[in-house]
Structure formats: structure tokens, C-alpha cells
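Student: Below: one structure in C-alpha cells.
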Amino acid sequence: MKGWNVLLAGLALLMTGVLTSCNNEDDIVPEVAPPLQGATKQVMVVFAPGQLGDKGYADRVMDGIDILATAQDQLEVPEADVNYISMSDPLFTFKALEQWMSEARNPFNGQDYGHRLLVLTESYMLQWLAESSAEMRDSDEVLVLKAIQEDLDNAEALGLGKRLHALNISAERSARKFCEYMDQRIDYEEGRGRDVNPSSINMLRLYDEEEVAYRDGIRETLTEMRGEELEMSDYPLSALDNYGTYSPLLEENIIQAAYDSGQMLHNKVRSDGTIFTFVDLGSANMSFDYYLMRQPSFSYTTLMLDAQPSLLRRFVIDRRFDTAVSEWVTGWMDAAPGEMPLATSYNDENYCQDNITTEL
């Protein structure tokens, strides 16, 4: 694919000359080949370390990249090169981002890109831009995923102004449906004489919400629908230390922590009757799924964010960032720097799908 792999700095420019002959051998002159053409725009997507392969959010973003790259491949001269950075180490990711910021040259034709877009899959990466010694050009723009206007306001010191954008998909509609299911399930369990806690839900996240601002609308909607008496028990994997220090940078620990948390929540049902659990663990969602797969029966109902339906008995919310990203970037290609909306948020079934049923 044109523009598919991460660009290699220093790619040599290939130029050829064609000799033509005339009747007089002395008149043989080289004909200069036309300059090589190349894209005038570039899209660079930066994934957080270890994100790709999560069977959820990051893979949906990658699907969007594939849509964009395929569309560009069908053009005789691509309008934009579509690239991505995905590394396992935060330092290497930061260094690759700095190199992109400082080098705007198209290696295919040796000319600088006229318009570049940097897509960040996590809002905390904005801090990397602030810490970088490299500077972005006036024609460079940044799109932050899973972010809202408040995140742009917090990053005002970057000085990007109208060239800093946010794109988000809210799961509010799905959360409302889940609340309706909760009512039905509670009535059913109490009708069977089972002791359940109707005002409690476990929240299993990768990070503590004091560390990362989640913009999916889950907590706000649950609080609105269930009332202020709703108790949310937060269990961030980054804070667990049952078997050592669990850090989002340590993949093996995160996988083990997700599995251990499944067992912990199973035991919690017995202790306090909490039968509802919300799960958002990124690539560790698959580890939690593995725990569910090994259980002959389920004592609690799981709602998993940024996952896809499977044979497992769990509810999922599938935010279609593939559609949202490909559509937004396509619009950016036709716009001048600073013309795209500052903050875009979707909250309809075209961008957020689920398998939640409101009846038992």
C-alpha cells in the first residue's frame, strides 16, 4: 500500500534519465524525467504502547486507517499518505513522535508535506507534545481521540488554537439500555428470593478515574439513571498489588490482574450481592473474557466497553471509531488548516452499537 508503513527517514529519492537519439549522433541529449509526484498531505496515527491487538478500540481505529489507506491506493496520485506508529515502549513512542514533528519531508519526492495531521489515540499523549523539544509547523494539526472540548481547553498552553481537535463517541445510549436491564434483573432476582444489592455496580478500569478522564459517558449516565445513592466500586488495575505491582506498562501483569479481578468480583457477589460489573480494560479485556470463558455459570452480569459480540454471555458496547476516524480525516483532507470543528462527538447507533437487551 502507498503510505501504509511508517515512513523511514532518509529514504533516497530515485531519479532517472532517458536518452533519446536523433539522426546526428552528436545530437544525443538526455531527456530529464518529470519530477516524481507524491501526496501533499500526511496522516500519522500514534497508538499508545501495547494498544494494537485489543480486539476493541485500537483495532477499530486501525480499521479506520485501513479504510483511508485503501481509498488513497485507488487514486493515481494519492492525496495523503496514511501512516501509523505502534511500539511497545513509551520512550520509543515518544522519540518516534518527536522525529515526526521535526521532519516534514515526503520521502517519495523530497518535498515537504503541505498539510499534516497527527492523530493521538489517548489524550494523555498531549503531554508528550508539551514535553517535546521539537516544534510543529503552522500547517500541522492534531486530532485527539476519546476527547472532548474540556481536554482541548486543558491543552491551551500548546498554542495550537484551532488546529487542535477532539473526536469522541459517547456510550450514553447503551448505558441507558443497561440501566433498563438492571431494573428487570433486580426484579427477577428479588422475585426468586435472592439477596442482591440494587444500588451497587463494580467499575473495572485500566486506570483510576483520577488519573485519566474517561469521556464515554458511562459513569454520568449510570448516576443519572440510578440516582445519587448508586455506589460505584472502582477497581483500577493500575492500583492492584495482589501479586506485585500492576502497571499498564507491564503487559503480563495486566493480563494476570484482569483474570484475578474476575475471580475477585465473583467472590464479591457472595459477600455483598453486587451482580453488575462494568469492564473497560483495553487489551486486557481479552484476559477478562478468558476468565468468563472458563466459568460454568455466571454470578454477575458484565458490560464491556469497546469489545465485540462473541459466544460469551456478556453485554458489549462497540464504539465504531473506524467509521468516525475515516469520516473525520476524509473531511480534513478537503479542509484548510483550522477549518475542521474543534470538538466532534457522536451519540447514535451509527457510531455506537451494542447487544444489550432490556428484557431477561
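Quick note: the sequence shown uses the working numbering, first residue -8, plus one each step. By construction, the Cβ of each residue, glycine as well, lies at the ideal position given by its N, Cα and C atoms. None of these values were measured; they are calculated from a predicted model.
1. If you draw a straight line from the alpha carbon of residue 138 to that of residue 295, how long is it in whole angstroms?
2. May I ask you to report which of helix, strand or coil DSSP gives residue 46?
3. Is it right to say residue 259 is buried, meaning 16 or more other beta carbons lie within 10 angstroms of its own, or is it exposed?
4. Are the beta-carbon atoms belonging to residue 322 and residue 48 less than 8 Å from one another?
5. With a threshold of 6 Å on Cβ separation, who are the neighbours of residue 249 within its own chain once the five nearest residues in sequence on each side are excluded?
6. Round the Cβ separation of residue 91 and residue 35 to the nearest angstrom and send it over; I've been treating them as touching at under 8 Å.
7. Work out the CA separation of residue 39 and residue 12 for me, nearest whole Å.
8. Would you call the CB atoms of residue 293 and residue 192 closer than 8 Å?
9. Taking the beta strand (DSSP E) that residue 336 belongs to, which residues open and close that run?
10. For the beta strand (DSSP E) holding residue 32, just list the boundary residues, first then last.
11. Starting from the Cα of residue 88, find the closest Cα among 110, 73, 61 and 68 and give me that residue.
12. Just the Cα atoms here: how many angstroms apart are residue 312 and residue 184?
13. Which residues does DSSP pair with residue 75 in a beta bridge?
14. What does DSSP give as the partner residues of residue 286 in its beta bridges?
15. List the residues that DSSP assigns as beta-bridge partners of residue 344.
16. Smallest Cα separation from residue 189: which of 265, 326 and 93?
17. My output table needs one value for residue 224: the three-state DSSP class, helix, strand or coil.
18. Using DSSP's beta-bridge definition, name the partner residues of residue 296.
19. Reducing DSSP to helix, strand and coil, say where residue 271 ends up.
20. Going by Cα to Cα distance, which pick from 219, 205 and 317 is closest to residue 297?
21. Should residue 60 and residue 73 be called a contact, given that it needs their Cβ atoms to be closer than 8 Å?
22. Residue 80: which of 37, 94 and 101 sits nearest, CA to CA?
23. Within the same chain, show all residues whose beta-carbon is closer than 7 Å to that of residue 219, passing over the 5 residues directly before and after it, in chain order.
24. Rounded to the nearest angstrom, how far is the Cβ of residue 307 from that of residue 346, given a contact under 8 Å?
25. Can the beta-carbon of residue 352 be found closer than 8 Å to that of residue 252?
26. When we look at the beta-carbon of residue 83 and count the other beta-carbons within 10 Å, is it buried (16 or more) or exposed?
27. On the three-pair Cβ rule with 8 Å, is the stretch 166 to 177 touching the stretch 336 to 351?
28. For residue 182, count neighbouring Cβ atoms within 10 angstroms of its own Cβ and tell me buried if that reaches 16, exposed if not.
29. Take residue 201 as the anchor and find which of 246, 229 and 162 has the nearest alpha-carbon.
Tutor: So, from the listed chains and residues:
1. In the sequence shown, the residue the question calls residue 138 occupies position 147. In the sequence shown, the residue the question calls residue 295 occupies position 304. Roughly 20 Å separates the two Cα atoms.
2. For the purposes of this step, residue 46 is identified with residue 55 of the sequence shown, where counting begins at 1. Correct three-state label for residue 46: coil.
3. Translated into the one-based positions of the sequence shown, residue 259 becomes position 268. By the neighbour-count rule (16 or more Cβ atoms within 10 Å), residue 259 is buried.
4. Position 331 of the sequence shown, counting from 1, holds the residue named residue 322. Position 57 of the sequence shown, counting from 1, holds the residue named residue 48. Cβ atoms of residue 322 and residue 48: not closer than 8 Å.
5. Position 258 of the sequence shown, counted from the start, is the residue given in the question as residue 249. Taken in chain order, the residues that qualify are 272, 275, 278 and 279.
6. Counted from its first residue, the sequence shown places residue 91 at position 100. Counted from its first residue, the sequence shown places residue 35 at position 44. Their Cβ separation, rounded to whole angstroms, is 5 Å, which keeps residue 91 and residue 35 in contact under 8 Å.
7. Your numbering for residue 12 matches position 21 in the sequence shown. Your numbering for residue 39 matches position 48 in the sequence shown. Bear in mind that a pLDDT of 34 at residue 12, under 50, signals an unreliable position, so the model cannot answer this.
8. Looking up residue 293 in the sequence shown gives position 302. Looking up residue 192 in the sequence shown gives position 201. Not closer than 8 Å, so no.
9. Taking the first residue of the sequence shown as position 1, residue 336 is located at position 345. Element bounds for residue 336: 334 to 337.
10. Counting from one through the sequence shown, the residue named residue 32 turns up at place 41. Start and end: 32 to 37.
11. Taking the sequence shown and counting its residues from 1, the one referred to as residue 88 is at position 97. Of the listed residues, the one whose Cα sits closest to residue 88 is 110.
12. Start at 1 with the first residue of the sequence shown, and residue 312 comes out as number 321. Start at 1 with the first residue of the sequence shown, and residue 184 comes out as number 193. If you take the alpha carbons of residue 312 and residue 184, they lie about 42 Å apart.
13. In the sequence shown, counting from the first residue as 1, residue 75 sits at position 84. Answer by DSSP bridge pairing, in chain order: 36.
14. Stepping through the sequence shown from its first residue, residue 286 is reached at position 295. None, per the DSSP bridge assignment.
15. Position 353 of the sequence shown, counted from the first residue, corresponds to residue 344. Looking at the DSSP output, residue 344 sits in a beta bridge with 309.
16. For this step, residue 189 is matched to residue 198 along the sequence shown. It is 265.
17. Position 233 of the sequence shown holds residue 224. Strand.
18. The residue you call residue 296 lines up with position 305 of the sequence shown. According to DSSP, which records beta bridges pairwise, residue 296 is partnered with 308.
19. On the sequence shown, residue 271 is found 280 positions in, with the first residue counted as 1. Correct three-state label for residue 271: strand.
20. Residue 297 sits at position 306 when you count from the first residue of the sequence shown. Minimum Cα distance to residue 297 is reached at 205.
21. By one-based count along the sequence shown, residue 60 stands at place 69. By one-based count along the sequence shown, residue 73 stands at place 82. The answer is yes: Cβ separation under 8 Å.
22. As a working note, residue 80 is residue 89 in the sequence shown. The residue with the shortest Cα to Cα distance from residue 80 is 37.
23. If you number the sequence shown from 1, residue 219 lands on position 228. Once the five neighbours on either side are set aside, residue 219 has no close Cβ partner at all.
24. Sequence index remark: in the sequence shown, residue 307 carries index 316 (1-based). Sequence index remark: in the sequence shown, residue 346 carries index 355 (1-based). With 8 Å as the limit, residue 307 and residue 346 qualify as a contact, their Cβ atoms being about 6 Å apart.
25. This structure gives no information on residue 352, because the portion of the chain shown stretches from -8 to 351.
26. Within the sequence shown, numbered from 1, the residue matching residue 83 stands at position 92. Exposed.
27. Touching, per the Cβ criterion.
28. For the purposes of this step, residue 182 is identified with residue 191 of the sequence shown, where counting begins at 1. Answer is exposed; the Cβ neighbour count stays below 16.
29. Taking the sequence shown and counting its residues from 1, the one referred to as residue 201 is at position 210. Nearest C-alpha to residue 201: 229.
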